[in-house]
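Just so you know, the protein sequences line up as chains A and B, in that order. Read in order, the letters of the first sequence are residues 1 to 306 in the numbering used here. Read in order, the letters of the second sequence are residues 307 to 612 in the numbering used here.
Protein chains: 2
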Amino acid sequence: MSKNFKEILEKVKALPKKTVSVAVAQDSEVLMAVKAAKEQGIANSVLFGDAEKIAEIAAEIGMNIDDYKVVDIKDPIEAAHEAVKYVHDGNADMYMKGLIETKDFLRSVLDKEVGLRSGRPLSHVCVFEMKGYDKLLFLTDVAFVPYPTLEDKVSIIENTVEICRAVGIDCPKVAPLAAVEVVNPKMPETEEAAELTKMNEEGKIQNCIVDGPLSFDLATCPEAAQHKGATGRKIVGDADVVLFPDIHAGNITYKALVHYADVINGNMITGTAAPVILTSRSDSFEVKVNSLALAALVADSLKKNK
Amino acid sequence: MSKNFKEILEKVKALPKKTVSVAVAQDSEVLMAVKAAKEQGIANSVLFGDAEKIAEIAAEIGMNIDDYKVVDIKDPIEAAHEAVKYVHDGNADMYMKGLIETKDFLRSVLDKEVGLRSGRPLSHVCVFEMKGYDKLLFLTDVAFVPYPTLEDKVSIIENTVEICRAVGIDCPKVAPLAAVEVVNPKMPETEEAAELTKMNEEGKIQNCIVDGPLSFDLATCPEAAQHKGATGRKIVGDADVVLFPDIHAGNITYKALVHYADVINGNMITGTAAPVILTSRSDSFEVKVNSLALAALVADSLKKNK
């Protein structure tokens with residue numbers, strides 16, 4: 001079980017080398033991450049995009065372009081189409097966004113012929129290594145599904161559990177969060193959290209332990225859980241996954257912790273046939289490299305389970 | 307303008323001494339805070355409750371009970387009734403919860419004859435001194451109003467602005483938060499944030515600058531705001547107040563920051579005729595004392611503006 005990104009990185013280095021297919025690679029920050037991924041033994045990459053511009057940026061950042069396969073396609077939509085097809089056809093293990101609009105990138109992911117659909121809805125997971133918490137914490141969904149229905153939440157849990165298992169957490173503890181830890185009929189989020197817990201008990205959500213509704217402190221702080229006397233709960237400040245009621249709660253909490261707690265993180269899109277890395281311009285270099293490492297680990301796990 | 311709780315404390319000490327009326331005072335944690343408030347020159351207190359039990363606890367925590375006015379009322383509801391009336395009648399400046407159910411305590415606050423109604427709806431404010439942020443940050447509403455309507459949000463802003471002004475922030479910057487910083491018709495929270503901004507521009511919400519929707523990083527991180535090129539915004543990582551879309555977003559973010567960021571905080575109920583302190587059992591001693599200091603400052607400001 002990996003407890004931090006250093007351990008994830010070490011695990012990845014010991015695996016057969018993976019390959020990432022990059023859509024519209026002429027982006028200096030993306031190329032810097034791709035270069036680091038190669039140097040650190042995380043993954044090789046194949047770069048789809050404007051070969052001339054890619055070569056220019058490579059020269060600027062001290063990247064030897066001869067070490068990379070470059071597929072010259074000037075049009076971003078076409079480049080993404082070929083880049084995702086490359087993964088779809090089994091030539092690469094994961095798919096990464098470059099200098100292309102998010103909606104166009106996602107359209108390629110969801111392409112019915114050459115995309116990476118798995119039949120499940122997509123969701124986003126953010127993996128935190130956070131000072132003061134002695135295990136990895138998986139936050140979902142802070143970026144992708146705005147107002148998940150109960151059914152969506154089941155899919156989000158299943159998607160996230162798959163990522164947890166790839167990281168070595170075989171039976172993760174999943175906490176559907178709310179402002180309170182008791183069911184309140186005036187708060188539908190608490191009722192859905194209880195419903196998810198029941199579905200888990202009935203075997204309808206598997207390979208994990210679901211216990212909600214939980215407040216953030218009862219989910220992630222053993223002292224708070226003890227102080228409040230949380231007897232009879234399955235999660236006592238030791239959640240692996242926190243499931244947010246909606247994107248606002250998720251995104252605000254995520255941003256608050258990234259900026260004001262001591263956090264190292266990596267993110268990916270889940271529910272796809274192969275790992276998809278969609279980092280944003282505001283993500284640091286470190287986040288991009290961590291995301292690549294996380295995706296490589298997940299790619300390996302997906303292959304083994306095929 | 308106070309930038310931290312040390313400055314708030316110093317300001318309070320220089321003011322005419324305030325008095326807090328405590329409802330059902332036989333609670334060791336509350337009495338410890340009350341004792342510290344007296345010792346630190348924050349406030350005197352009058353203790354309503356079971357005199358025998360109060361004396362017992364006082365002896366245990368080394369508190370000289372002769373220094374305090376104690377009003378012996380065994381029944382909690384009656385004790386709260388008399389304690390709130392004491393504030394209502396102008397004998398004390400602020401009102402604090404002791405060993406009484408929250409709903410019974412709030413019922414006394416809202417009592418039509420002896421309570422502390424101001425005509426405005428009540429809301430909760432949490433004041434953060436947070437490492438990495440160079441001013442106080444006011445979070446609302448993380449504990450009281452579950453799903454504020456647009457009208458509720460106006461009241462919450464007005465309540466909070468009053469507290470900001472008491473602390474010396476004459477024209478606070480108020481950021482209605484969301485997952486994104488642009489209006490999205492599929493996210494009503496973003497539309498309401500824009501509506502609040504417009505109402506502020508039209509003079510319908512006064513004594514503050516409202517700018518939303520904003521993500522948490524654009525509201526509170528100057529670097530993030532610059533990185534994302536937030537041109538034409540009135541708040542650029544320098545918000546005084548963050549307004550949450552609902553109690554789940556607010557409470558989860560609040561708990562996350564309290565436990566994983568470096569935070570000192572104080573809380574109070576606003577929208578009342580006198581400051582009301584409703585700390586919870588899980589709040590630390592420090593939070594209780596800070597809340598008393600904050601309330602004393604607000605009480606002084608309310609008196610001056612009468």
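Note that CB positions come from ideal geometry on N, CA and C, so glycine has one too. Predicted model only: the values in this text are computed from it and were never measured.
{"Item": "Chain B contacts from the segment 247-260 of chain A (Cβ-Cβ distance under 9 Å)", "Value": "I247, H248, A249, G250, N251, I252, T253, Y254, K255, A256, L257, V258, H259 and Y260"}
{"Item": "Beta bridge counterpart(s) of B/M493 as assigned by DSSP", "Value": "B/M493 pairs with nothing; no bridge assigned."}
{"Item": "As assigned by DSSP and simplified to three states, the class of B/A339", "Value": "helix"}
{"Item": "Straight-line gap, A/Y95 to A/E82 (C-alpha atoms, nearest Å)", "Value": "11 Å"}
{"Item": "Three-state secondary structure assigned by DSSP to A/V289", "Value": "helix"}
{"Item": "Contact check, A/I209 vs A/V258, beta carbons under 8 Å", "Value": "no"}
{"Item": "Interfacial residues, the segment 502-529 of chain B to chain A, with Cβ spacing under 8 Å", "Value": "S521, F522, D523, T526 and C527"}
{"Item": "Same chain, Cβ closer than 6 Å to B/P382, five either side skipped, listed in chain order", "Value": "V330 and I406"}
{"Item": "Interface positions of the segment 267-286 of chain A facing chain B (Cβ-Cβ less than 8 Å), listed along the chain", "Value": "R281 and S282"}
{"Item": "Chain B contacts from the segment 176-194 of chain A (Cβ-Cβ distance under 7 Å)", "Value": "L177, A178, A179, K186, M187 and E189"}
{"Item": "Minimum C-alpha distance to A/D246 - residue among A/K13, A/V145 and A/D240", "Value": "A/V145"}
{"Item": "DSSP state of B/Y401 mapped onto helix, strand, coil", "Value": "strand"}
{"Item": "is_contact[A/H227, chain B] using C-beta, thresh 8 Å", "Value": "yes"}
{"Item": "Simplified DSSP assignment, three categories, for A/D72", "Value": "strand"}
{"Item": "Beta-bridge partners of A/M130, as assigned by DSSP", "Value": "A/V263"}
{"Item": "Whole-angstrom distance between A/V287 and A/V263, CA atom to CA atom", "Value": "10 Å"}
{"Item": "Chain B residues whose Cβ lies nearer than 7 Å to that of A/G132", "Value": "Y566"}
{"Item": "Interface flag, B/P452 vs chain A, CB-CB below 8 Å", "Value": "yes"}
{"Item": "Neighbourhood of B/L584 by C-beta distance below 6 Å, restricted to the same chain and skipping five residues each side", "Value": "K403 and I575"}
{"Item": "Which listed residue (A/D240, A/E201 and A/N207) has its alpha carbon closest to that of A/P222", "Value": "A/D240"}
{"Item": "Pairwise C-alpha distance: A/I54 and A/L214", "Value": "48 Å"}
{"Item": "Under 8 Å (Cβ pairs) to chain B, residues found in the segment 231-246 of chain A", "Value": "F244, P245 and D246"}
{"Item": "Enclosing beta strand (DSSP E) for B/L422 [first to last residue]", "Value": "Neither: B/L422 is in no beta strand (DSSP E) and is coded neither H nor E."}
{"Item": "Residue from B/K437, B/D589 and B/V473 whose Cα sits closest to the Cα of B/E335", "Value": "B/D589"}
{"Item": "Bridge-paired residues (DSSP) for A/L136", "Value": "A/L136 pairs with nothing; no bridge assigned."}
{"Item": "Distance between B/T408 and B/S429 (C-alpha atoms, nearest Å)", "Value": "14 Å"}
{"Item": "Counterpart residues of B/F354 in DSSP-defined beta bridges", "Value": "B/A329 and B/V377"}
{"Item": "Cβ pair A/F5, A/G266 closer than 8 Å", "Value": "yes"}
{"Item": "Validate contact between the segment 461-472 of chain B and the segment 505-514 of chain B using beta carbons, cut 8 Å, 3 pairs", "Value": "yes"}
{"Item": "Option nearest B/Q346 by Cα separation, candidates B/I371, B/Y453, B/K492 and B/K324", "Value": "B/K324"}
{"Item": "At least three beta-carbon pairs within less than 8 Å, the segment 468-477 of chain B to the segment 426-444 of chain B", "Value": "yes"}
{"Item": "CA nearest to the CA of A/I235, picked from A/G250, A/D217, A/I169 and A/P148", "Value": "A/D217"}
{"Item": "Whole-angstrom C-beta distance between A/K35 and A/I57, which should lie under 8 Å", "Value": "Actually they are not in contact, since the Cβ atoms of A/I57 and A/K35 sit about 10 Å apart, beyond 8 Å."}
{"Item": "C-beta contact flag for B/A484 and B/M493 at 8 Å", "Value": "yes"}
{"Item": "Rounded separation between A/K131 and B/Y560 - CA only", "Value": "17 Å"}
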